[in-house]
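Only one structure is covered here, and it is reproduced in the block below.
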Amino acid sequence: MFSKVLVANRGEIAVRVMRACEELGVRTVAVYSEADKHGGHVRYADEAYNIGPARAADSYLDHESVIEAARKAGADAIHPGYGFLAENATFARKVEESEFKWIGPSADAMERLGEKTKARSLMQDADVPVVPGTTEPAESAADVKAVADDYGYPVAIKAEGGGGGRGLKVVHSEDEVDEQFETAKREGEAYFDNASVYVEKYLEAPRHIEVQILADEHGNVRHLGERDCSLQRRHQKVIEEAPSPALDADLREQIGEAARRGVRAADYTNAGTVEFLVEDGEFYFMEVNTRIQVEHTVTEEVTGLDVVKWQIRVAAGEELDFSQDDVEIDGHSMEFRINAEAPEKDFAPATGTLTTYDPPGGIGVRMDDAVRQGDEIGGDYDSMIAKLIVTGSDRTEVLARAERALAEFDIEGLRTVIPFHRLMLTDEAFREGTHTTKYLDEVLDRDRIEAAVERWAPDAVTGNDDDEEVTERTFSVEVNGKRFEVSLEERGAPAIPVGGAAASSKPSTPRKRRDDGDDDQQIIEGDGESVTAEMQGTILAVEVAEGDDVEPGDTVCVLEAMKMENDVVTERGGTVSQVLVAEGDSVDMGDVLVVIE
Ligand code: MV4
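Going by numbering that gives the first Met the number 0, the letters in the sequence shown line up with residues 0 to 596, in that order.
This is the structure in structure tokens:
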């Protein structure tokens, strides 16, 4: 076993990995950016190294800084967590060629599965069903039409380098083919440096089912059953569960064995996830995630296996000590991502100070987090601040237990998606388990989200009303020995901060964009108000042009940050006088995106 592991990540997953190290008697090393000096993962680690500025590209994504920290610490292995460098085969290879062990699949296996057409051919050869379509990159719009001729519209054009919701274009009829083909290639080039695309039949309302795999260096491959991640919003998972309410025993067995065959054929080691789409009792391979995933927890809960500990043991050369028959699925588990976002503002990321942080507990409740009361939540990284994992003997018990746990969860100073989760627990489709991947984006009524926030986070709504600033404070009083809670409103007082919106219109002088190396180039003219980026990310689309008239609440661009798409909306109406960003640009927090007069 290793004696010291460096965790090249932050937040809850860094702490999760260090907890596994702790149980294995392995010392832990954290790395942190300037923004994370007081981060929970830094508090947890035995030692910690500053690896650079807040901007991820200059710290958590900087290969040399991470390896340099491992050298200074005298670590003997590097665990990447998820996100950041976890699926970067170039980095994995650098680690393999260094004196450190890479806790993950080999760089070769990552490459075999990273290119989607390669992965499709490999799976097909291993008798794993794939979505009907091409296994070679599409050279022209005619190749797209050929797939549609065979299987009918709609078809999906996917970027070779894509994944997790990026680089997917749906074509509904022949007259859209040319344009969507060009757009897909252009976006593939802009986001993944790879203009290659391929084509699949588009399934209209599938479920997202993924199988957890563990493989050692001695030829043993096990699957740990499936997770159902069908409840997604804009490709962002919201609630995940195991087992899936949509599979019967036969389909479950078939998918699990297909996943095993696939990763065996890829000569894969360590932990991984094979993603499938399931529709009308059929399942189709989609992609392999060559990392530990956020939602690995629900698999751990129903199998009793510690997936992260096994990642470390496998990387240290140990053999899996259980057979496939030993893997039993017992009970049911759900994970609720606790994101700092305002659900009624299109899930705009929120920032602020956790003035109260009082998580739930009791039977069947697991909290994976790295925050504590008083922590400052900035907009530099992913908005997920904690994961609540609820386990019970069956799905019905989990639904009731989760309602109880979410009601106990007390967070103040920051908006979160807790009211949205509580809404889902009352939602018929979710309770029945009949929802598909379309449900949140196309079926769920937005009014119900607003109503849920009003019901379960009324203070937040009051605080948002800046016409008349009302502060509500709760006191407890005793009357004749009985305790009462009373709420008092203080009018005209400074409002309690309730976190931000996706964008703010500030009359003050905004920060200019930094990444073009020419700060003087962008001058904010006249007395326009700027719409700024609330977090660092990439511009996916610009929805307005100079001269356009906009109204409050209109989307001006779509900003991708940590794989999440955020609508950036303007709070002010008027005419767009300047557009300072283009599709594909990367922006920092505070950068001006557009100016409105
Ligand atoms: C699909 C699909 C339907 N048919 N491919 C979205 C993420 C990317 N990795 C693949 N995705 C999809 N691919 C075919 N041929 C539907 C989706 C999809 C989706 C998949 C899983 C979970 C949520 C989703 C939401 C929209 C679209």
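Ideal Cβ positions, reconstructed from N, Cα and C, are used throughout, including at glycine.
In this structure, the C-beta of Gly-151 stays at least 7 Å away from each heavy atom of the ligand MV4. Residues Gly-330, His-331, Gly-363, Val-397, Arg-400 of the same chain have their beta carbon placed closer than 7 Å to that of Gly-391, with the five preceding and five following residues left out of the count.
For Gln-179, the enclosing alpha helix (DSSP H) covers residues 176 to 191. By DSSP's assignment, Trp-101 forms a beta bridge with Ile-77. Annotation: Glu-98 to Ala-369 spans about 30 Å, alpha carbon to alpha carbon. At a cut-off of 7 Å, the beta-carbon of Tyr-31 does not count as near the ligand MV4: no heavy atom of the ligand is closer than that.
Proximity to Arg-9 across Phe-483, Ser-529, Asp-357, Phe-83 peaks at Phe-83, based on C-alpha coordinates. Annotation: the continuous alpha helix (DSSP H) that includes His-420 extends over 417 to 423.
Cβ contact annotation for Pro-551 (same chain, cutoff 7 Å, sequence separation greater than five): Thr-569, Glu-570, Arg-571, Gly-572, in chain order. Cβ-Cβ distances below 6 Å link Ala-385 to Ile-337, Asp-368 in the same chain, with the five nearest sequence neighbours on each side left out; the list follows chain order. Contact between His-78 and Gln-211 does not hold, since the beta-carbon distance rounds to 17 Å and is not under 8 Å.
By the Cβ rule, the region 198 to 205 counts as touching the region 151 to 161, because three or more pairs are nearer than 8 Å. Each residue's CA atom was taken as its position, placing Leu-422 and Met-383 some 19 Å apart. With respect to the C-alpha of Val-196, the residue from Glu-114, Arg-414, Val-129 having the closest C-alpha is Glu-114. For Ala-69, the enclosing alpha helix (DSSP H) has its first and last residue at 62 to 72.
Residue side-chain check: Ala-155 places its Cβ nearer than 7 Å to a non-hydrogen atom of the ligand MV4. Of the residues Arg-371, Ala-540, Thr-350, the one whose Cα lies closest to the Cα of Cys-556 is Ala-540.
Here Ile-254 is actually not in contact with Glu-300; their C-beta atoms are around 19 Å apart, not less than 8 Å. At least one heavy atom of the ligand MV4 is found less than 7 Å from the C-beta of Met-285. Here Pro-342 is buried. Its C-beta has 16 or more other C-beta atoms within 10 Å. Within the model, the alpha-carbon separation for Gly-271 versus Gly-261 is close to 11 Å. Contact check for Phe-408 against Pro-359 passes: the beta carbons are separated by less than 8 Å. With respect to Asp-177, Arg-206 sits apart: the two C-beta atoms are not nearer than 8 Å.
The beta carbons of Ile-102 and Gln-310 sit closer together than 8 Å. Membership of Gln-123 in the alpha helix (DSSP H) is indicated by the continuous run 115 to 124.
His-40 carries a helical assignment under DSSP once its states are collapsed to helix, strand and coil. Residue pairing from DSSP places Val-287 in a beta bridge opposite Val-273.
Remark: C-beta atoms of Ser-243 and Thr-435 do not approach each other more closely than 8 Å. Separation of the CB atoms of Ile-388 and Arg-365 is rounded to 4 Å, and the pair is thereby assigned contact status at 8 Å. Excluding its 5 nearest sequence neighbours in each direction, Tyr-48 has C-beta neighbours in its own chain below 8 Å: Val-28, Ala-29, Val-30, Tyr-31, Ala-68, Lys-71, Ala-72, listed in chain order.
Contact annotation, Ile-238 with Glu-318: C-beta distance approximately 35 Å; criterion of less than 8 Å not satisfied. Val-594: member of the beta strand (DSSP E) spanning 591 to 595, first to last residue. Judged by the Cβ position, Thr-302 fails to qualify as a neighbour of the ligand MV4 at the 7 Å threshold, every heavy atom of the ligand being at least this far.
In chain order, Pro-418 place their CB closer than 6 Å to the CB of Ala-456, counting only its own chain and leaving out the 5 sequence neighbours on each side. In summary, Lys-184 is buried, with 16 or more beta-carbon neighbours lying within 10 Å of its beta-carbon over all protein chains present.
Using a cutoff of 7 Å, the CB of Thr-436 counts as near the ligand MV4, since one of the ligand's heavy atoms is closer than that.
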